[in-house]
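Protein sequence lines, in the order shown, are assigned to chains A and B.
If you use this note's numbering, the first sequence corresponds to residues 2 to 395, in order.
If you use this note's numbering, the second sequence corresponds to residues 349 to 624, in order.
Even glycine gets a Cβ: it sits at the ideal position worked out from N, Cα and C.
Note that this is a predicted model, so its numbers are computed, not measured.
Here is the structure we will look at.
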Amino acid sequence: MGTNAVAAKPQADQESRIRTGNHFMLGDHACAEGALAADLDFFAGYPITPSTEIAEHLARRLPALGGRFVQMEDELGSMAAIIGASAAGARSLTATSGPGFSLMMENIGLAAMMEIPCVVADVQRASPSTGLPTMVGQSDILQARWGSHGDYGIIAYCPASPQECFDLTVRAFNAADQYRVPVFIMMDEVIGHMTERVIIPAANDLPMSHRKGPRTAPGGEPFFSFAPDEDLVPPIAHAGEGYKVHMTGLTHDERGYPALDPETHDKLINRLVDKIRLNASDIVMYDEIGVDDADTIVISFGCTARSARHAVNQARDERMKCGLLRLITVWPFPETRIRELIKRGNVKRFIVPEVNLGQLRREVERLTDLPVLRLNHAGGTMPVPDAILELIRS
Amino acid sequence: MSVIEETIQPGVNIHPIDKLLRADRLPHILCPGCGIGTVIHGYAHAIAASGLDEDQHVCVSGIGCSGRAAGYVNVDSYHSTHGRALPFALGIAVHKPELNVTVISGDGDLTAIGGNHLIHAARRNVNLNVICINNFNYGMTGGQVGPTTPIGAKGTTAPQGAVEQPFNLPYLAKATGAIFVARWTILHVREFQDAVLRSMQKKGFCFIEVLAPCPTSFGRANKIGDGAHEVEIYRERCRVENGATNLEELDIDLIDESKSITVGNFVDVEREPFLA
Numbered sequence: 002m003g004t005n006a007v008a009a010k011p012q013a014d015q016e017s018r019i020r021t022g023n024h025f026m027l028g029d030h031a032c033a034e035g036a037l038a039a040d041l042d043f044f045a046g047y048p049i050t051p052s053t054e055i056a057e058h059l060a061r062r063l064p065a066l067g068g069r070f071v072q073m074e075d076e077l078g079s080m081a082a083i084i085g086a087s088a089a090g091a092r093s094l095t096a097t098s099g100p101g102f103s104l105m106m107e108n109i110g111l112a113a114m115m116e117i118p119c120v121v122a123d124v125q126r127a128s129p130s131t132g133l134p135t136m137v138g139q140s141d142i143l144q145a146r147w148g149s150h151g152d153y154g155i156i157a158y159c160p161a162s163p164q165e166c167f168d169l170t171v172r173a174f175n176a177a178d179q180y181r182v183p184v185f186i187m188m189d190e191v192i193g194h195m196t197e198r199v200i201i202p203a204a205n206d207l208p209m210s211h212r213k214g215p216r217t218a219p220g221g222e223p224f225f226s227f228a229p230d231e232d233l234v235p236p237i238a239h240a241g242e243g244y245k246v247h248m249t250g251l252t253h254d255e256r257g258y259p260a261l262d263p264e265t266h267d268k269l270i271n272r273l274v275d276k277i278r279l280n281a282s283d284i285v286m287y288d289e290i291g292v293d294d295a296d297t298i299v300i301s302f303g304c305t306a307r308s309a310r311h312a313v314n315q316a317r318d319e320r321m322k323c324g325l326l327r328l329i330t331v332w333p334f335p336e337t338r339i340r341e342l343i344k345r346g347n348v349k350r351f352i353v354p355e356v357n358l359g360q361l362r363r364e365v366e367r368l369t370d371l372p373v374l375r376l377n378h379a380g381g382t383m384p385v386p387d388a389i390l391e392l393i394r395s
Numbered sequence: 349m350s351v352i353e354e355t356i357q358p359g360v361n362i363h364p365i366d367k368l369l370r371a372d373r374l375p376h377i378l379c380p381g382c383g384i385g386t387v388i389h390g391y392a393h394a395i396a397a398s399g400l401d402e403d404q405h406v407c408v409s410g411i412g413c414s415g416r417a418a419g420y421v422n423v424d425s426y427h428s429t430h431g432r433a434l435p436f437a438l439g440i441a442v443h444k445p446e447l448n449v450t451v452i453s454g455d456g457d458l459t460a461i462g463g464n465h466l467i468h469a470a471r472r473n474v475n476l477n478v479i480c481i482n483n484f485n486y487g488m489t490g491g492q493v494g495p496t497t498p499i500g501a502k503g504t505t506a507p508q509g510a511v512e513q514p515f516n517l518p519y520l521a522k523a524t525g526a527i528f529v530a531r532w533t534i535l536h537v538r539e540f541q542d543a544v545l546r547s548m549q550k551k552g553f554c555f556i557e558v559l560a561p562c563p564t565s566f567g568r569a570n571k572i573g574d575g576a577h578e579v580e581i582y583r584e585r586c587r588v589e590n591g592a593t594n595l596e597e598l599d600i601d602l603i604d605e606s607k608s609i610t611v612g613n614f615v616d617v618e619r620e621p622f623l624a
């Protein structure tokens with residue numbers, strides 16, 4: 002009854018699992034440490050720059066803590082393996098970059114449809130195709146939202162520092178479990194390969210939540226793996242717990258059985274979207290500087306937000322009414338907050354700098370008729386503060 | 349009370365393996381004369397004979413007619429994506445090594461789109477029982493040729509007959525590291541069940557090819573007739589050779605009546621299983 006997805010780890014493991022203290026740490030390693038702190042059980046991945054340090058770090062750390070590390074034959078298999086492990090109750094992770102992320106799209110759709118929690122770290126590099134493997138990009142942002150075929154909801158976090166690589170990875174596991182969705186940590190090469198101070202809190206100070214399990218004992222009435230609670234999220238039972246679950250990528254009823262009719266499909270897919278959309282206010286995270294009186298608001302995320310913060314602070318020192326809205330979740334998109342800011346009437350324009358040709362600018366344009374200025378680079382480098390400052394001054 | 353017990357007519361006895369099937373999902377989608385039902389039956393019997401609690405068994409399948417098998421067995425079951433049943437099952441088997449995980453899928457799913465996963469799962473010796481239902485074509489999509497279609501056999505995408513060299517699956521499985529390799533047909537009900545049971549008892553990658561008729565697609569296109577006619581071919585031409593070592597010579601030619609089809613349990617060795 003009410004089995005928790007995350008088995009209690011021996012106390013000795015807990016101590017080394019969470020490296021409480023101050024560290025000078027690589028972003029990729031901070032992501033791996035965040036996963037370990039979040040009780041990671043299973044990692045499957047395929048080497049790809051600039052994410053490989055996540056796998057290498059976990060290859061050293063995870064087996065010693067009783068977890069399983071598997072280097073798979075490709076990213077198709079990596080994604081399938083973490084979904085399978087999670088179906089058996091594991092907190093599971095894979096890490097990749099654009100070309101691998103593309104291959105994972107197939108099974109990301111499966112995870113969305115089977116509502117199996119899992120976490121994918123995508124350390125973005127300049128794309129498309131092989132692009133610039135060792136250089137920065139932010140051009141997987143729309144792929145994260147729309148990459149697999151069909152409609153479904155997901156959550157995506159955008160860390161802007163190694164510290165956030167740690168914090169948001171912990172949060173990603175909690176959110177994946179809470180909403181039964183794939184969750185993406187949309188890192189980028191600059192953040193993944195940046196070494197900075199990372200403070201890892203004590204175990205008791207880490208926010209940890211678990212999956213909702215069945216409320217009835219196995220062997221009685223059939224368990225309905227897809228019967229949602231009021232929050233639109235169904236409790237989950239895992240392989241080996243005795244509930245005889247059936248899960249399929251086909252359109253299915255609440256029991257999990259294929260139900261190939263338009264009505265069932267429409268109801269199911271709307272719920273998969275709505276369980277994120279209607280819970281967005283609990284999921285969305287952002288960070289702001291001086292938006293209250295701003296006539297110019299820079300909207301930014303990931304590595305670019307660091308340049309944007311520098312530029313906005315400097316502009317404010319020069320007494321310009323400029324603010325920064327830094328997106329910590331890109332998906333769900335914080336549109337309620339942006340609408341609020343627009344409604345105040347102060348804002349005259351937005352600036353959206355990003356290392357792609359305007360993927361998130363499109364989202365902002367969708368919400369407003371105000372000018373949305375662009376500052377884009379296709380990848381390999383990122384907008385410098387001066388370039389953003391120049392646009393603010395314009 | 350189970351669904352079976354609720355729906356059964358008074359005075360009718362329950363079949364011993366009924367509880368291992370999801371009766372509430374019947375009728376199934378399979379065509380008359382299809383061999384997949386016999387495979388599911390054999391798997392269920394092997395579960396019953398395994399001595400393990402049914403909650404210790406997990407079934408994973410891919411996509412296609414054979415991929416629907418997971419939907420009819422009353423154990424924890426997952427109908428995954430096309431070709432990815434093996435890595436999905438790896439995740440389960442590695443995270444919970446105490447579970448007995450069986451993959452039931454088709455020749456197209458496991459050896460074409462999933463071929464890379466097959467050779468690597470075998471190489472790693474992942475603790476899985478793989479039942480590869482070989483009906484020589486893509487049945488669900490209407491009878492296209494695939495990597496197991498014998499040369500000369502017809503399919504909708506090879507109207508003049510297949511020209512590509514097909515996989516010899518036992519040879520492939522052995523070469524890539526499987527610790528148990530067998531080939532049976534759905535005519536060999538007992539032998540097949542025993543092979544599945546043997547797989548369940550072994551720790552490591554076990555591969556069973558089971559030949560099954562697809563009368564609607566393959567049978568019709570190749571003038572084999574209905575399912576019973578194809579089973580008749582198995583009866584006439586199959587030669588049991590347990591422990592056969594010449595696996596490289598065990599290609600299947602369904603069309604040439606002079607050629608026999610070698611079946612049997614070919615490989616049964618031990619090797620360190622993967623994270624089991």
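Less than 7 Å between CB atoms is the rule here; does M349 of chain B satisfy it with respect to chain A? Confidence is the limiting factor: at M349 of chain B the pLDDT is only 45, short of 50, which leaves the residue's position unreliable and the question unanswerable from this model.
Who are the near neighbours of D14 of chain A in its chain, counting only those whose CB is closer than 8 Å to its CB and skipping five residues on each side? Residue confidence is low: D14 of chain A scores 45 on pLDDT, short of 50, so the model does not pin down where it sits. Its coordinate-derived value is still stated next. Cβ within range, chain order: L66 and G67.
Helix, strand or coil for R212 of chain A? Go by DSSP, reduced to three states. coil
TODO: Quick one: measure Cβ to Cβ for P380 of chain B and N483 of chain B, integer angstroms, because I've assumed they're closer than 8 Å.
DONE: Taking a contact as a CB-CB distance under 8 Å, the pair P380 of chain B and N483 of chain B does not count as one, their CB atoms being some 14 Å apart.
- beta strand (DSSP E) segments (min. 3 residues) lying fully within the stretch 406–446 of chain B: 424–427
Using three-state DSSP, classify R585 of chain B as helix, strand or coil. helix
Contact check, I155 of chain A vs V182 of chain A under 8 Å by CB: the rounded distance? For I155 of chain A against V182 of chain A, the beta-carbon gap comes to about 6 Å, under 8 Å, which counts as contact.
**Item:** A6 of chain A (DSSP reduced to helix, strand or coil)
**Value:** With a pLDDT of 42 at A6 of chain A, under the threshold of 50, the modelled position of this residue cannot be trusted, and the question is left open.
Label L27 of chain A either buried or exposed according to how many other C-beta atoms from any shown protein chain fall within 10 Å of its C-beta, with 16 as the threshold for buried. buried
Report task. Compare the C-beta of R538 of chain B against all C-beta atoms of chain A and say whether one is closer than 7 Å. Result -> no
**Study point:** Interface partners of N464 of chain B on chain A, CB under 9 Å
**Key:** Contact annotation for N464 of chain B against chain A: E74, D75, L77 and G78 [CB-CB distance below 9 Å, chain order].
- For the candidate residues A:Q179, A:S395 and A:V385, whose alpha-carbon lies nearest to that of A281 of chain A? A:Q179
Checklist entry - Does the stretch 359–370 of chain B come close enough to the stretch 379–394 of chain B to have 3 or more Cβ pairs within less than 8 Å? => result Contact between the stretch 359–370 of chain B and the stretch 379–394 of chain B is present: 3 or more CB-CB pairs across the two stretches fall below 8 Å.
Exercise. Apply the 10 Å Cβ neighbour rule to S52 of chain A and answer buried if 16 or more other Cβ atoms are within range, or exposed otherwise.
Key: Taking a 10 Å sphere around the C-beta of S52 of chain A, we find 16 or more other C-beta atoms and assign the residue as buried.
key: CB-CB length for I49 of chain A against T97 of chain A, believed under 8 Å   = 6 Å
Use the C-beta contact count for S565 of chain B: other C-beta atoms within 10 angstroms, 16 or more gives buried, fewer gives exposed. buried
Start and end residues, alpha helix (DSSP H) containing M195 of chain A | That residue, M195 of chain A, is in no alpha helix (DSSP H); it is neither H nor E in DSSP.
Point to revise | Neighbour flag for Y426 of chain B against chain A, beta carbons, 7 Å | key: yes
According to DSSP, H24 of chain A sits in a beta bridge with which residue or residues?
A:V199
* Given T533 of chain B as reference, the closest of B:E557, B:V544 and B:T524 once Cα atoms are compared -> B:E557
Exercise for the section: Reducing DSSP to helix, strand and coil, say where T297 of chain A ends up. Expected result: Correct three-state label for T297 of chain A: strand.
Quick check on the burial criterion: 16 or more other C-beta atoms within 10 angstroms. Buried or exposed for I485 of chain B?
Just to set this straight, residue 485 of chain B is Asn in the shown sequence, not Ile. By the neighbour-count rule (16 or more Cβ atoms within 10 Å), N485 of chain B is buried.
Can you list, in chain order, the residues of its chain with a C-beta nearer than 6 Å to that of A33 of chain A? Leave out the 5 residues immediately preceding and following it. The answer, listed in chain order, is I55, H58 and L59.
query: To which residues of the same chain is A624 of chain B closer than 6 Å at the C-beta, ignoring the five residues directly before and after it?
result: P445, N475 and K551
- Query: Between the beta-carbon of S93 of chain A and the beta-carbon of F25 of chain A, is there less than 7 Å?
  - Reply: no
Tell me which same chain residues have a C-beta within less than 7 Å of the C-beta of I600 of chain B, skipping the five on either side of it? P498 and I609
| request: List the residues of chain B whose Cβ lies closer than 7 Å to the Cβ of D42 of chain A, in chain order. | output: In chain order: H443.
Using beta carbons (cut-off 7 Å, strictly below), is T249 of chain A in contact with chain B?
Output row for T249 of chain A: interface = yes.
**Asked** Hey, how far is the Cα of P163 of chain A from the Cα of M188 of chain A?
**Response** 10 Å
- Task: Taking all protein chains shown into account, decide if T593 of chain B is buried (16 or more other Cβ within 10 angstroms of its Cβ) or exposed.
- Result: exposed
query = At least one CB of chain B closer than 7 Å to the CB of G241 of chain A: is that the case?
reply = yes
Across which residues does DSSP place E355 of chain A in a beta bridge pair?
A:N377
- Query: Hey, S409 of chain B and A371 of chain B: beta-carbon distance below 7 Å or not?
  - Reply: no
Check your understanding: Would DSSP call F540 of chain B helix, strand or coil?
Key -> helix
task = Return the first residue and the last residue of the alpha helix (DSSP H) that Q360 of chain A is part of.
result = Unbroken alpha helix (DSSP H) run through Q360 of chain A: Q360 to E366.
- Query: Just how far apart, CA to CA, sit V171 of chain A and A501 of chain B?
  - Reply: 55 Å
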